[in-house]
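Residue numbers (the UniProt record's numbering): 1 to 504.
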């Protein structure tokens with residue numbers, strides 16, 4: 001609703017304009033009529049209307065002086081000049097004050113309609129931008145705002161989270177995105193907005209493989225958000241054509257008021273953590289979870305009980321294959337899969353009677369896009385634990401690993417996508433990653449992260465006044481938020497805290 005104030009000393013004209021707006025334009029609310037600029041100024045400062053129609057020549061204070069005083073107070077009110085004649089000096093001063101709309105007396109309804117339509121479009125665009133900034137901040141911040149801003153009043157909000165592939169709990173998987181995760185087109189977004197009578201706002205998720213669509217609408221309305229989520233999910237789900245491109249879509253609870261936005265975001269992420277499937281697409285509606293425990297599947301416990309009788313690599317690989325088939329057929333959540341594989345590795349390590357650090361199960365899973373890839377990773381990690389020979393790569397391939405490292409050394413500040421490895425080196429990204437890890441004991445993603453962080457610390461040390469966003473861009477991060485997360489995870493403090501420590 002756009003609030004309107006009329007400042008006009010001709011009562012008949014003022015009442016007529018008020019009646020025209022009230023009867024024909026439901027998106028506008030006339031707050032009142034003022035007879036001079038002084039009363040108008042007082043009401044503008046108190047009621048904060050978005051739109052003011054004002055005459056120029058009025059007693060006590062004229063319209064232009066009133067506009068000038070409002071601007072001194074740093075209000076961004078839109079003014080429309082009511083005038084019955086063209087006066088160059090008035091027009092010149094009005095232009096200087098930023099007033100571009102004129103409504104000539106007597107009022108022509110079509111001209112009024114054009115002005116109101118323009119104002120409505122401008123106001124909606126402004127609110128859309130403010131809401132996007134507020135919701136983006138709420139999505140990425142761990143410290144929610146104490147109260148919602150004015151532009152979120154009487155607005156309900158829901159979120160549609162779309163995760164491509166596995167959840168990314170490992171900070172190192174932030175370094176190299178697997179592919180460009182393209183959102184729905186702006187044209188299709190407009191189509192959905194018109195069909196469901198909502199506003200759709202595309203936000204950056206906390207990870208490269210996330211898209212978040214905020215859905216805002218008047219609190220008095222009840223659009224079918226579940227059906228809208230289904231439409232977005234269907235548009236983005238390519239798993240039928242490309243099995244490795246599976247997505248998990250989660251519709252959040254509805255926020256009856258903007259003050260609960262941060263809680264709803266946290267609840268949705270928590271739901272995704274426990275319920276998102278691995279290896280296949282799903283569309284789910286968030287619910288409040290309680291007392292979620294990591295319980296190992298009984299069939300996995302039974303299978304792992306036979307590890308003690310396995311003494312050769314072939315038998316162990318056969319058991320791994322059975323384990324993977326079992327997980328795939330069960331359509332497990334990533335959380336349950338993580339619990340099962342931790343139990344598996346615990347059983348393997350106990351059987352080998354070795355005192356070693358467990359492999360990072362979460363990182364292994366987050367780097368895989370299918371159960372086939374996961375099976376190869378389990379074979380590789382299990383072979384290392386048990387002292388078996390890892391699969392042979394051929395005599396020429398250690399040199400390929402060095403080629404990859406040289407390429408990363410030269411290009412780590414550029415935007416690198418693992419899918420491009422196929423074009424550059426002739427081998428798919430998973431094969432190269434396994435080869436690189438076998439040769440150097442570190443994944444390409446983790447290697448790039450260390451190169452970027454080393455350069456970032458050098459830049460911060462040599463340039464104490466440098467901005468975090470500039471450092472992020474210079475070392476290869478497209479987003480300062482991601483850079484700060486990786487830096488803090490690695491160094492135990494944010495880039496800004498690191499700078500403060502340097503200045504002591």
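Yeah, the Cβ is synthetic: ideal placement off N, Cα and C, and Gly gets one too.
In whole angstroms, what separates the C-alpha of residue 455 from that of residue 474?
Residue numbering aside, residue 455 sits at position 455 when the chain shown is read from its first letter. Residue numbering aside, residue 474 sits at position 474 when the chain shown is read from its first letter. The alpha-carbon atoms of residue 455 and residue 474 are separated by roughly 9 Å.
Just tell me which of 82, 120, 131, 95 has its CA closest to the CA of residue 108.
Your numbering for residue 108 matches position 108 in the chain shown. Here the closest residue by C-alpha is 82.
How many Å lie between residue 213 and residue 225 at the Cα?
Locating residue 213 in the chain shown gives position 213, counting from the first residue. Locating residue 225 in the chain shown gives position 225, counting from the first residue. Looking at the two C-alpha atoms, the distance is approximately 11 Å.
Rounded to whole angstroms, what's the CA-CA distance from residue 512 to residue 102? Just pull it up for me.
Nothing in the structure corresponds to residue 512, since the chain is present only between 1 and 504.
Determine the extent of the alpha helix (DSSP H) in which residue 248 is found, giving its start and end residues.
Taking the first residue of the chain shown as 1, we reach residue 248 at position 248. No alpha helix (DSSP H) contains residue 248, which is instead part of the beta strand (DSSP E) from 247-251.
So who's on the other strand from residue 204, going by DSSP bridges?
Counting from 1 along the chain shown, the entry for residue 204 is found at position 204. According to DSSP, residue 204 bridges with 211.
Decide if residue 45 is buried, meaning its Cβ has at least 16 other Cβ atoms within 10 Å, or exposed.
The count along the chain shown starts at 1 and reaches residue 45 at position 45. Exposed.
Tell me, to the nearest whole angstrom, how far the beta carbon of residue 368 is from that of residue 381; I am working on the premise that it is less than 8 Å.
To locate residue 368, count along the chain shown from 1; it is residue 368. To locate residue 381, count along the chain shown from 1; it is residue 381. Contact flag wrong, Cβ pair sits at about 12 Å.
Note down, one range per segment and in chain order, each alpha helix (DSSP H) of at least 4 residues found wholly within the segment 292-321.
With a minimum length of 4 residues, the continuous alpha helix (DSSP H) runs that stay inside the segment 292-321 are 298-304.
Please report how far the alpha carbon of residue 154 lies from the alpha carbon of residue 78, in whole angstroms.
Against the chain shown, residue 154 aligns to sequence position 154. Against the chain shown, residue 78 aligns to sequence position 78. Each residue's Cα considered, the two are about 22 Å apart.
With a cut-off of 8 Å, do at least 3 Cβ pairs link the segment 58-65 to the segment 16-28?
With a cut-off of 8 Å, the segment 16-28 and the segment 58-65 do not count as touching, because too few Cβ pairs lie within range.
Quick one: what does DSSP say residue 31 is sitting in, helix, strand or coil?
By 1-based counting over the chain shown, the position of residue 31 is 31. Strand.
Between the C-alpha atoms of residue 160 and residue 430, what's the straight-line distance to the nearest angstrom?
By one-based count along the chain shown, residue 160 stands at place 160. By one-based count along the chain shown, residue 430 stands at place 430. Whole-angstrom Cα-Cα distance: 30 Å.
Under a three-way DSSP split, which group does residue 56 fall into?
Stepping through the chain shown from its first residue, residue 56 is reached at position 56. Three-state result, residue 56: coil.
List the whole-angstrom C-beta distance separating residue 53 from residue 2, where the pair is believed to meet the contact cut-off of C-beta under 8 Å.
Within the chain shown, numbered from 1, the residue matching residue 53 stands at position 53. Within the chain shown, numbered from 1, the residue matching residue 2 stands at position 2. Contact doesn't hold; Cβ gap of about 12 Å is too wide.
Would you check if the distance between the CB atom of residue 261 and the CB atom of residue 362 is smaller than 8 Å?
The residue labelled residue 261 in the question sits at position 261 within the chain shown. The residue labelled residue 362 in the question sits at position 362 within the chain shown. No, these two residues do not count as a Cβ contact at 8 Å.
Three or more beta-carbon pairs under 8 Å between the segment 266-285 and the segment 314-321, yes or no?
In this structure the segment 266-285 does not lie against the segment 314-321, because fewer than three pairs of beta carbons, one per stretch, are closer than 8 Å.
Check residue 150 in the structure and name its three-state DSSP category.
The residue you call residue 150 lines up with position 150 of the chain shown. Three-state DSSP puts residue 150 in a helix.
Helix, strand or coil at residue 166 according to DSSP, with G and I counted as helix
In the chain shown, counting from the first residue as 1, residue 166 sits at position 166. Look at residue 166 here: in three-state DSSP terms it is coil, with no helix or strand label.
I want to check one thing, is the minimum distance from the CB of residue 417 to the heavy atoms of the ligand ZN below 7 Å?
The model depicted lacks the ligand ZN and carries no ligand whatsoever.
Could you please give me the residues that DSSP links to residue 157 through a beta bridge?
The residue labelled residue 157 in the question sits at position 157 within the chain shown. Looking at the DSSP assignment, residue 157 forms a beta bridge with 216, 255.
Less than 7 Å between C-beta atoms, sequence neighbours within five positions excluded: which residues of the same chain meet that for residue 347?
Locating residue 347 in the chain shown gives position 347, counting from the first residue. These residues qualify, in order along the chain: 304, 307.
Whose C-beta lies closer than 7 Å to the C-beta of residue 402 among residues of the same chain, with five residues either side of it excluded?
Position 402 of the chain shown, counted from the first residue, corresponds to residue 402. Correct list: empty, nothing qualifies.
Note down the Cα distance separating residue 337 from residue 458, rounded to an integer number of angstroms.
What you label residue 337 is simply residue 337 of the chain shown in a count that begins at 1. What you label residue 458 is simply residue 458 of the chain shown in a count that begins at 1. Taking the straight line from one Cα to the other gives about 40 Å.
Would you check if there are 3 or more beta carbon pairs closer than 8 Å linking the segment 227-235 to the segment 182-194?
yes
Hey, how far is the Cα of residue 252 from the Cα of residue 164?
Counting from one through the chain shown, the residue named residue 252 turns up at place 252. Counting from one through the chain shown, the residue named residue 164 turns up at place 164. One C-alpha to the other measures close to 17 Å.
Rounded straight-line distance, which links the Cα of residue 404 to that of residue 425:
Sequence index remark: in the chain shown, residue 425 carries index 425 (1-based). Sequence index remark: in the chain shown, residue 404 carries index 404 (1-based). Rounded to whole angstroms, residue 425 to residue 404 spans 8 Å at the Cα level.
Would you call the CB atoms of residue 255 and residue 246 closer than 8 Å?
By 1-based counting over the chain shown, the position of residue 255 is 255. By 1-based counting over the chain shown, the position of residue 246 is 246. No, they are not a contact pair.
Would residue 453 and residue 486 qualify as a contact pair, given that the criterion is a beta-carbon distance under 8 Å?
In the chain shown, counting from the first residue as 1, residue 453 sits at position 453. In the chain shown, counting from the first residue as 1, residue 486 sits at position 486. Yes, they are a contact pair.
Using the Cβ count rule (16 or more neighbours within 10 Å means buried), how would you classify residue 94?
If you number the chain shown from 1, residue 94 lands on position 94. Buried, since its Cβ has 16 or more Cβ neighbours within 10 Å.
Beta strand (DSSP E) containing residue 81: first to last residue?
Looking up residue 81 in the chain shown gives position 81. Counting along the chain, the beta strand (DSSP E) containing residue 81 begins and ends at 78-83.
In this structure, what does DSSP give as the bridge partners for residue 277?
Translated into positions along the chain shown, residue 277 becomes position 277. Answer by DSSP bridge pairing, in chain order: 333.
Do residue 330 and residue 277 come within 8 Å of each other at the CB atom, strictly closer than that value?
Numbered from its first residue, the chain shown carries residue 277 at position 277. Numbered from its first residue, the chain shown carries residue 330 at position 330. No, the Cβ-Cβ distance between residue 277 and residue 330 is not below 8 Å.
Apply the 10 Å Cβ neighbour rule to residue 150 and answer buried if 16 or more other Cβ atoms are within range, or exposed otherwise.
Counting from 1 along the chain shown, the entry for residue 150 is found at position 150. Residue burial annotation: residue 150 is exposed, with fewer than 16 other C-beta atoms found within 10 angstroms of its C-beta.
Leaving out the 5 sequence neighbours to the left and right, which residues in its chain are closer than 6 Å to residue 444 when beta-carbon positions are compared?
The count along the chain shown starts at 1 and reaches residue 444 at position 444. Once the five neighbours on either side are set aside, the close Cβ partners of residue 444 are 433, 436.
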